[in-house]
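Engineer: Just so you know, the sequences run in chain order A and B. The opening position of the first sequence corresponds to residue 1431 in our numbering, with each subsequent residue numbered one higher. The opening position of the second sequence corresponds to residue 88 in our numbering, with each subsequent residue numbered one higher.
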Amino acid sequence: MQMFSGSINSLKNGIRLWTRSSLKKRLILYFLAIIVIMTALNIYPYYSISVLMNRMSSTFELNVQLNQLNNTLEQLNYAYENYLETKHSKSLDDYYRYSNELWNQANAIRIDNSSMDNMLVMKDIRNMIDNYLDETNAAVTARRARMVDSYLYHYEESAKIHQYIVEYIHKLNNNMFFQNTDRYTSVRKSIQLVQTFNIGVILTIIVLTVVLILWFTYRITKPIFELSRAADEITRGNFNVPSVLVTSNDEIGIMAEAFNRMTASIREYINEINEKVELERRLQEKEMENLIIRTNLREAELHALQSQINPHFLFNTLNAGAQLAMMEGADRACSFIENAAELFRYNMRNLDKPVTIGDELRNVENYMHLLNERFADKIEFTLEKDDSTLDRKIPCMILQPIVENAYIHGVGDLERLGKISLSVKKQDGYAAISIKDNGKGMSRDKINEILNGTSGGDPANEKPAATAGEKSRHEGHTNGIGLNNIISRLKIFYSRDDILSIHSEPGHGTEVVLRIPMED
Amino acid sequence: MRKKNYIVLVTLIILPILIITAVIYYNINNALHSLDNSAGIVVPKTDPKYHFAMICENMDDPFWLSVKKGVQKASKEFNVAVEFNWPGSISADAQYKCLDMAIVSNVDGIVTYVWNEEETSKLIDKSVDRGIPIVTIRTDAKDSRRAAFVGLNTYSAGTEIGRMLIEATGGKGEAVALVSHKEPGDTIVQNLMISGFTDALKNTPELKLQTLEYDYANVLSLEDTIQDLLINRPGLDAIITTSEKDTTLVAQRLIDLNKLYYNIIGYGDTPEILRYIDNGVIFGTVSANHEQMGYEAVKALVDLKEGGRTSAYFTVDIQLITKENVAEILAAKEEASE
């Protein structure tokens, strides 16, 4: 059982070795196969020829033995006849010696079973020699005993048998000779066949070998060539070479695989680098844009600065004009210019800094003073104020724009006398500031639009020609501050949105109420 | 996948080479072995139990060839070797020598034909003295100490030929029996056969039969005899021959001369004779199973060796062949040869 599993294991190993056959192994196997075929081809004719030679030589040996037998027989016969004629004792010695020799030789000849008939003929010969020796012995005995009749009879018999023996030896010799020649001719035919066959096989093997060599070299060199071409491509900078396809799993296959892995990783690496470069380029572009924007900004600021006349200069100029008017005794002109200067100064304030309600009221008074000087008899302005509320903080430039709106949109176009009244009262912990006019008034929708900031907060929209109003949006305004700006600033400042409310009806004037909480 | 292809390819190359090599090797070995058989000795495949000798007249006569076939069959069956000896020339000396050699060789048994009763009997007795049993074949030496005789009933063969002659001629006309004037041999057979004819023709006095002798040793002699016959005997109706060889020769001669209006009645069943019967050249023949003779002779010797006794007289059946049954016999022969 163990042996069995062991052999299975070794078989598996062998198969694995074979399937993982490397170039070296394959070449070795191939050469071994050729050597085996060649050896088989050469051993075979060698073997057949050697068998034939053995046969032939054994036959020739037999021939030699038979000839010796024949010679001995002749010598024996000579001695025998000589004795019968002369009764010479030497001849008798010879006779015994040769008859012994003949007997031994006859028994020494062995023919193997493979040629039955030769064996039988040899047996015949042996038996004849037996009979012959019997007859000659009888003849010799009779001669010694001088029994003439008997000796003549036996002599005649022995002479006949002698003749038969010679004939049989010849027959056997002949037989073997013909058998040999037949054997030779037939084997020669076969050997010729073998030779032709061998030549055919050798030619086939040569052709096969050439084909195999070509195939092998092609299979070995093709992938190498492809690899080198791919390597050239990479050298020239083209990393997108298609992977080299090598199906064999020998050393070349392993090399090609490694090469493919290498190209793939190089490609990956290069791609990574490219991505990084791209990213950096984009970053630089962005920075450049930013720089351009900043430069533009500075330039705009510069332009803005350039386009402004220094307000202090204007303010000082106006003050100088007021003093000049006072010295010349023009009191109205003096106060007008003073009010204008005051308005300028207030307008120059930083919008982010809160002021008191009193400051705001003073500013409104200045503004109204200028308006009264311009439209003396058209507008009547009244102001009521509760002094306890004057110190309350309020965002800057809130009241003046509302009053300006009331003037421009409310009463500016009226034929009759326009009235604008401003009152500041303390009411339930609030400072209620009311700006009221007797102008055109607004519809409910309009009020909602203004409060929700959807109309751009511009009461000019009340005008029938809205497009014209858009263009002349700030016409007649002292600054660019609209109602929605005011609403949003109040909302931010007090963190609540119920500060400003508008009460109005078309034809019955408008009242804007600000409820400023007295406590923070 | 590729590896598998590779293995298959190599196997496909090596396999045919090995197969062809094996076939050639087998052929050479066969040639080396089969050649050791010579025509002179019939041997079985295995080691033979006995070694017999067979003395026959010659090895050209279809009769002896048929006998040899029977001997081969027996050789296989009883596992014995049989050595064939025949005289190189037809002389009493050569025939004597053949038999004597077999006796001196101390073979286990001898089958011989009898060429001369007196001379052969002497040798037979000498052989039996030495303990070698002898069976005679075809011709017999009744007064010798031969153990058995195997042959056909020559007399009844003669009467059958006589009957066929009456059938062929309608009991009228002239007929000639060609008898070879041989050195001692066949006269015994022929005499028996002739007495058979004459006995058969006793009741038909209108049919005249004459016996013509010719010199067997001389081939031209028979031709001359036929030539003479055709010229000198214009009223001839039928020609009778007593051996296969003569029958074939006469038929061929008559075909050569384009004289096919004679009734030839002969002996034998060789393919050639059968063809002549089929063609109508030969009217009919009498034949016996010669193979059986060879077989029985060997069997008798084996029986003698193993059981010490055998029946003293074997005859084989006589068969009449005419145009009516020739097709059957031809078919049977073909079957047997396959």
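Positions of the beta carbon are idealized from the N, C-alpha and C atoms, including for glycine. Being a predicted model, the structure only gives us computed values, none of them experimental.
Among residues of its own chain, excluding the 5 on either side of residue 298(B), which ones have a beta-carbon nearer than 7 Å to its beta-carbon?
Structural biologist: So the list reads 264, 266 and 281, once near-sequence residues are dropped.
Engineer: Using the rule of at least 16 other Cβ atoms within 10 Å of the residue's Cβ for burial, across every protein chain shown, is residue 1848(A) buried or exposed?
Structural biologist: Counting Cβ neighbours within 10 Å, residue 1848(A) comes out buried, since at least 16 surround it.
Engineer: Compare the beta carbon distance of residue 1939(A) and residue 1842(A) with 8 Å and say whether it is the shorter of the two.
Structural biologist: No, these two residues do not count as a Cβ contact at 8 Å.
Engineer: So, does the CB of residue 404(B) fall closer than 8 Å to a CB anywhere in chain A?
Structural biologist: For residue 404(B), the answer is no, since every Cβ of chain A falls outside 8 Å of its Cβ.
Engineer: So the candidates are 1526(A), 1555(A) and 1911(A); which of them puts its Cα closest to the Cα of residue 192(B)?
Structural biologist: Of the listed residues, the one whose Cα sits closest to residue 192(B) is 1555(A).
Engineer: Confirm, please, whether the CB-CB distance from residue 385(B) to residue 139(B) is below 8 Å.
Structural biologist: Yes; because the gap between Cβ atoms is below 8 Å, this pair is in contact.
Engineer: Out of 1777(A), 1755(A) and 1832(A), which one is the CA nearest neighbour of residue 1943(A)?
Structural biologist: For the residues 1777(A), 1755(A) and 1832(A), the minimum Cα distance to residue 1943(A) belongs to 1832(A).
Engineer: Between the stretch 159 to 179 of chain B and chain A, which residues of the former have CB atoms less than 8 Å from a CB of the latter, in chain order?
Structural biologist: Listed by position along the chain: 168 and 170.
Engineer: Can you list, in chain order, the residues of its chain whose CB lies under 6 Å from that of residue 215(B), leaving out five sequence neighbours each side?
Structural biologist: Answer for residue 215(B): 232, listed in chain order.
Engineer: If we call anything under 8 Å between Cβ atoms a contact, is residue 253(B) one with residue 217(B)?
Structural biologist: Their beta carbons are not under 8 Å apart, which means residue 253(B) does not touch residue 217(B) by this criterion.
Engineer: On the three-state DSSP scale, how would you describe residue 1853(A)?
Structural biologist: Residue 1853(A): strand per DSSP, three-state reduction.
Engineer: Name the chain A residues whose beta carbon is nearer than 7 Å to that of residue 128(B)?
Structural biologist: Chain A residues near residue 128(B): 1547 and 1550.
Engineer: I think residue 245(B) touches residue 279(B), with their Cβ atoms under 8 Å apart; what is that distance to the nearest whole Å?
Structural biologist: The Cβ separation is near 6 Å, so the contact holds.
Engineer: Whose CA, out of 176(B), 295(B), 358(B) and 285(B), lies closest to the CA of residue 256(B)?
Structural biologist: The residue with the shortest Cα to Cα distance from residue 256(B) is 295(B).
Engineer: Is the beta carbon of residue 129(B) sitting closer than 8 Å to the one on residue 168(B)?
Structural biologist: Yes, the pair counts as a contact, with Cβ atoms nearer than the cut-off.
Engineer: I want to verify the contact list: residues of chain A whose CB lies under 8 Å from the CB of residue 106(B), in sequence order.
Structural biologist: Chain A residues near residue 106(B): none, gap ~12 Å exceeds 8 Å.
Engineer: Quick check on the burial criterion: 16 or more other C-beta atoms within 10 angstroms. Buried or exposed for residue 1455(A)?
Structural biologist: Counting Cβ neighbours within 10 Å, residue 1455(A) comes out exposed, since fewer than 16 surround it.
Engineer: Starting from residue 190(B), trace the alpha helix (DSSP H) in both directions and tell me its first and last residue.
Structural biologist: Unbroken alpha helix (DSSP H) run through residue 190(B): 179 to 191.
Engineer: DSSP three-state call for residue 146(B): helix, strand or coil?
Structural biologist: The answer is coil: DSSP assigns residue 146(B) none of H, G, I, E or B.
Engineer: Just to confirm my understanding: we take residue 1898(A), look at its own chain, exclude 5 residues before and 5 after, and list those with CB closer than 6 Å. What are they?
Structural biologist: In this prediction, residue 1898(A) has a pLDDT of 38, which is less than 50 and means its spatial position is unreliable; nothing more can be read from the coordinates.
Engineer: Using 8 Å as the threshold, is the stretch 344 to 355 of chain B in touch with the stretch 318 to 334 of chain B, meaning 3 or more CB pairs across them?
Structural biologist: Yes: at least three Cβ pairs fall under 8 Å.
Engineer: Tell me whether residue 1473(A) is buried or exposed, calling it buried when 16 or more other Cβ atoms sit within 10 Å of its Cβ.
Structural biologist: Under this definition residue 1473(A) is an exposed residue.
Engineer: For residue 312(B) and residue 390(B), I'd like the C-alpha separation in whole angstroms.
Structural biologist: About 46 Å.
Engineer: Within a Cβ cutoff of 7 Å, which residues of the same chain sit near residue 1896(A), ignoring the five residues on either side of it in sequence?
Structural biologist: The pLDDT assigned to residue 1896(A) is 37, lower than 50, so where the model puts this residue is not dependable, and the model offers no usable value.
Engineer: How about residue 1582(A): is its C-beta nearer than 8 Å to some C-beta of chain B?
Structural biologist: No, residue 1582(A) does not count as interfacial toward chain B.
Engineer: Under three-state DSSP, which class holds residue 346(B)?
Structural biologist: Of the three classes helix, strand and coil, the one that applies to residue 346(B) here is coil, per DSSP.
Engineer: Quick check: what's the CA-CA separation for residue 272(B) versus residue 404(B)?
Structural biologist: Residue placement at residue 272(B) is poorly supported in this model, since its pLDDT is 49, which falls under 50; the coordinates still yield a value, given next. Cα to Cα, residue 272(B) sits roughly 22 Å from residue 404(B).
Engineer: What does DSSP give as the partner residues of residue 1526(A) in its beta bridges?
Structural biologist: DSSP, once it has assigned bridges, lists no residue as partnering residue 1526(A).
Engineer: Could you check where the alpha helix (DSSP H) with residue 381(B) kicks off and where it finishes?
Structural biologist: 377 to 394 is the span of the alpha helix (DSSP H), which, as asked, contains residue 381(B).
Engineer: Is the CB of residue 114(B) under 8 Å away from at least one CB in chain A?
Structural biologist: Output row for residue 114(B): interface = yes.
Engineer: Is residue 1660(A) near the ligand NAD, with its Cβ less than 7 Å from a heavy atom?
Structural biologist: For the structure depicted, the ligand NAD is absent and the ligand set is empty, with no information on it obtainable.
Engineer: I need the DSSP call for residue 1872(A), collapsed to helix, strand or coil.
Structural biologist: Looking at residue 1872(A) - three-state DSSP - the assignment turns out to be coil, as it is neither helix nor strand.
Engineer: Considering only the alpha carbon of each residue, which of 155(B), 95(B), 109(B) and 222(B) lies closest to residue 398(B)?
Structural biologist: Of the candidates 155(B), 95(B), 109(B) and 222(B), the one whose C-alpha sits nearest the C-alpha of residue 398(B) is 222(B).
Engineer: At a CB-CB cut-off below 9 Å, which residues of chain B make contact with residue 1557(A)?
Structural biologist: Within chain B, the residues near residue 1557(A) are 191, 192, 193 and 194.
Engineer: So residue 365(B) contacts chain A; which residues on that side make the cut at Cβ distance below 9 Å?
Structural biologist: What residue 365(B) touches in chain A: nothing, since even the nearest Cβ is about 38 Å away.
Engineer: Closer than 9 Å, Cβ to Cβ, to anything on chain A: give me those residues from the stretch 294 to 324 of chain B, in chain order.
Structural biologist: Listed in sequence order: no entries.
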